[in-house]
Amino acid sequence: MARPWEADPNTSFKQRLGKSPQELGNTTGSPDCPEIWELTNGDIAVIGRDLTQSLGRNLPDGVSIGSDERLVVIPRNMLVAAKQDIPSV
């Protein structure tokens, strides 16, 4: 059975949502920076720390992680800063 949504590997990055990790103090400028990006097709890309193994063992009921998915964590202040860039509809 086909999934109702599939990630498009041919899309590209459109704009950062919120502030850069440097502006938020979430990085030292190294390449391991958390980010939230809108893609040209409207989907959202999140770059964060992969905690699939540790947090994935204790998922709430009804939550699962597919074999091609990862559970990533970003700093709270990053999502709060992105709120103004996220449409309400």
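If you read the sequence shown in the numbering used here, its first letter stands for residue 19, the second for the next number, and so on. By construction, the Cβ of each residue, glycine as well, lies at the ideal position given by its N, Cα and C atoms.
Residue i - DSSP class collapsed to helix/strand/coil
i     : result
Asp26 : coil
Arg75 : helix
Ala63 : strand
Val90 : strand
Asp50 : coil
Residue i - partner residues in DSSP beta bridges
i     : result
Ile83 : Ile83 is not bridged to any residue.
Arg34 : Trp55
Cβ shell of residue i (< 8 Å), same chain only, five flanking positions each side left out
i     : result
Leu57 : Asp26, Thr29, Ser30, Phe31, Lys32, Ala63
Asn44 : Cys51, Pro52, Pro93, Asn95, Met96
Gln40 : Gly47, Cys51
Distance CB(residue i)-CB(residue j) smaller than 8 Å
i      : j     : result
Arg67  : Val90 : yes
Ile104 : Leu35 : yes
Thr70  : Ile54 : no
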